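K.L.:
2 protein chains.
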Amino acid sequence: MVEDVVRTLGFLCMGSRLRRIGERLQADTQQVIDEAGLSIQAGQYPFLAAIDRAGPLTIGELAQAVGITQPGATRTTGQLLELGYVDMQLAPDDQRRRLVSLTDKGQDLIDHSKKVIWPRIAAAVADLCGDLDGPILEQLAAIEDGLAAAPLARRSPAKEETP
Amino acid sequence: MVEDVVRTLGFLCMGSRLRRIGERLQADTQQVIDEAGLSIQAGQYPFLAAIDRAGPLTIGELAQAVGITQPGATRTTGQLLELGYVDMQLAPDDQRRRLVSLTDKGQDLIDHSKKVIWPRIAAAVADLCGDLDGPILEQLAAIEDGLAAAPLARRSPAKEETP
DNA sequence: GGATGTTATATAACGTGTTATAGATTAAAT
DNA sequence: ATTTAATCTATAACACGTTATATAACATCC
Chain A
1 MVEDVVRTLG FLCMGSRLRR IGERLQADTQ QVIDEAGLSI QAGQYPFLAA IDRAGPLTIG
61 ELAQAVGITQ PGATRTTGQL LELGYVDMQL APDDQRRRLV SLTDKGQDLI DHSKKVIWPR
121 IAAAVADLCG DLDGPILEQL AAIEDGLAAA PLARRSPAKE ETP
Chain B
1 MVEDVVRTLG FLCMGSRLRR IGERLQADTQ QVIDEAGLSI QAGQYPFLAA IDRAGPLTIG
61 ELAQAVGITQ PGATRTTGQL LELGYVDMQL APDDQRRRLV SLTDKGQDLI DHSKKVIWPR
121 IAAAVADLCG DLDGPILEQL AAIEDGLAAA PLARRSPAKE ETP
């Protein structure tokens, strides 16, 4: 067994480590979404959520809202368009801007997600790291160990069986 | 100003958020490396560090050590080969395995990095989040705010001027 | 000792982030 | 009013992770 260098090096590799844990968490989240039979990527949710919360947003505002760069927002918005979850139209006052809004299908997805999926994911993540405390490196180690012991999907209350 | 949805949604978007912070941290780390005039990517360091710590490793062991999948390890190792930092040779007992070892150039880079760069990066990250405590979401918020206020390169002791 | 399965690495195809840059539209300036 | 600058979105090229699969070498089993 080889040691985990990223973990060993601590603060020095914190960037790599956060990325790595984030990727793992998102993959686990995706699994919960897939198990629920929804056809959407975990990374696309924040876009829909942003519009749901703030109303129609431009590409630039979406980028800001989800914390990525504008080309990334353009691409993901294109995917959501293809999927039929959002609509895009020129802003009436400024033809450079494109206002992205939820379609009925998109709103349905959000409404359903709010009821069924989001609480499950949030609860699973809270179960994983909600009670942690202390220095961040220790918390990260606990999260990694926790994920290795039981992925998010196994921490999700909806998996319970009613006997 | 648009609200930061990923932040607002808390545990629900924790995967996205960790990734995002990790990417930011790594970009900042890269800046420190570049300013020091070294020609290496932040993400390549853990590979060299792993070999430095454990001696020559196979591709599979490297993947384990840095916590990524084997194809990723194959690719990064290929880059390090091109850069002349590592060497690769068939394992004497098992011709399927390739042992990756540091070249003199690679060892020099590591030695120099240990002395000059790594302490600087570790100190900057520690300055950013070493004293944090409490629930992880609050720590992440503090890290994001901290990075926005002053990137790693500005927290790095080597920038001090001797008057 | 040759067929069959396992293991290690390589390669291909893709996802999703980035930076750099082009094109269109609006705002500002002379 | 026309030129110039700024802003917004799109596109291209790249970085670096993933999964799936191919190929080569070793191990095992009649």
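Heads up: the protein sequence lines correspond to chains A and B, in order.
Its first residue numbered 1, the first sequence is counted upward by one per residue in this note's numbering.
Its first residue numbered 1, the second sequence is counted upward by one per residue in this note's numbering.
No residue lacks a Cβ here, since even glycine has one placed at the ideal position from N, Cα and C.
What you are looking at is a predicted structure, and each value in this text was computed from that prediction instead of being measured.
1. If the cut-off is 7 Å on Cβ atoms, which residues from the stretch 27-39 of chain B count as contacting chain A, listed in chain order?
2. Under 8 Å Cβ-Cβ, which residues of chain A neighbour B:Leu80?
3. Report the start-end ranges of each alpha helix (DSSP H) in the stretch 8-69 of chain A that is 4 residues or longer and not cut off at the edges.
4. I want to see whether chain B comes within less than 8 Å of A:Gln64, judged by CB atoms only; does it?
5. Mind listing the chain A neighbours of B:Met230? Cutoff is C-beta to C-beta under 7 Å, in chain order.
6. Leaving out the 5 sequence neighbours to the left and right, which residues in its chain are closer than 7 Å to B:Gln139 when beta-carbon positions are compared?
7. Could you check whether the stretch 75-85 of chain A touches the stretch 17-35 of chain A, counting it as contact only if at least three pairs of C-beta atoms, one from each stretch, sit closer than 8 Å?
8. Would you call the stretch 24-42 of chain B and the stretch 141-158 of chain B in contact, with 3 or more CB pairs under 8 Å?
9. Between the alpha carbons of B:Ala50 and B:Ala122, how many angstroms are there, rounded?
10. Between which residues of its own chain and A:Lys105 is the CB-CB distance below 7 Å, once the five residues before and five after are set aside?
11. Can you check whether the CB of B:Val66 is closer than 8 Å to the CB of A:Val125?
12. Taking buried to mean at least 16 other C-beta atoms within 10 Å of its own C-beta, is B:Val116 buried or exposed?
13. Count the other CB atoms, across all protein chains shown, that sit within 10 Å of the CB of B:Thr76; report buried if there are 16 or more and exposed otherwise.
14. State the Cα-Cα distance for the pair A:Gly60 and B:Met14, rounded to the nearest angstrom.
15. I think A:Gln89 touches A:Arg96, with their Cβ atoms under 8 Å apart; what is that distance to the nearest whole Å?
16. Anything in chain A within Cβ reach of B:Ile59, meaning under 8 Å, just list it in chain order.
17. Can you name the residues of chain B whose CB is closer than 8 Å to the CB of A:Val100?
18. In its own chain, which residues sit with a C-beta less than 8 Å from the C-beta of B:Ala73, not counting the 5 before and 5 after it?
19. For the putative contact between B:Leu153 and B:Glu3, defined by C-beta atoms under 8 Å, what is the C-beta separation to the nearest angstrom?
P.N.:
For this structure:
1. Thr29
2. As a working mapping, residue 80 of chain B is identified with position 80 in the second sequence. Ordered by position in chain A, no residue passes the 8 Å Cβ test against B:Leu80, which lies about 14 Å from the chain.
3. 14-35, 45-54, 59-66
4. Along the first sequence, read from residue 1 onward, the residue named residue 64 of chain A stands at position 64. A:Gln64 counts as touching chain B.
5. Only positions 1 to 163 of chain B appear in this structure, which leaves residue 230 of chain B out of reach.
6. The sequence position of residue 139 of chain B within the second sequence is 139, counting from 1. Cβ within range, chain order: Cys129, Leu132.
7. no
8. yes
9. Here residue 50 of chain B refers to the residue found at position 50 of the second sequence. Here residue 122 of chain B refers to the residue found at position 122 of the second sequence. About 17 Å.
10. The count along the first sequence starts at 1 and reaches residue 105 of chain A at position 105. The answer, listed in chain order, is Gly84, Tyr85.
11. Along the first sequence, one-based indexing puts residue 125 of chain A at 125. Along the second sequence, one-based indexing puts residue 66 of chain B at 66. Taking 8 Å as the Cβ cut-off, A:Val125 and B:Val66 do not qualify as a contacting pair.
12. Residue 116 of chain B sits at position 116 when you count from the first residue of the second sequence. Looking at its Cβ environment, which holds fewer than 16 other Cβ atoms inside 10 Å, B:Val116 is exposed.
13. Locating residue 76 of chain B in the second sequence gives position 76, counting from the first residue. Buried: at least 16 other Cβ atoms inside 10 Å.
14. Here the question's residue 60 of chain A lines up with position 60 in the first sequence. Here the question's residue 14 of chain B lines up with position 14 in the second sequence. Each residue's Cα considered, the two are about 22 Å apart.
15. Here residue 89 of chain A corresponds to residue number 89 of the first sequence, with the count starting at 1. Here residue 96 of chain A corresponds to residue number 96 of the first sequence, with the count starting at 1. Wrong, their Cβ atoms sit about 13 Å apart, outside the cutoff.
16. Taking the second sequence and counting its residues from 1, the one referred to as residue 59 of chain B is at position 59. What B:Ile59 touches in chain A: nothing, since even the nearest Cβ is about 12 Å away.
17. The residue given as residue 100 of chain A occupies position 100 in the first sequence. Chain B residues near A:Val100: none, gap ~12 Å exceeds 8 Å.
18. Reading the second sequence from its first residue, position 73 is the one you call residue 73 of chain B. These residues qualify, in order along the chain: Phe47, Ile59, Gly60, Leu62, Ala63, Val66.
19. On the second sequence, position 153 is the one that residue 153 of chain B refers to. On the second sequence, position 3 is the one that residue 3 of chain B refers to. Inspection of the sequence shows that residue 153 of chain B is occupied by Ala rather than by Leu. About 28 Å; that fails the 8 Å criterion.
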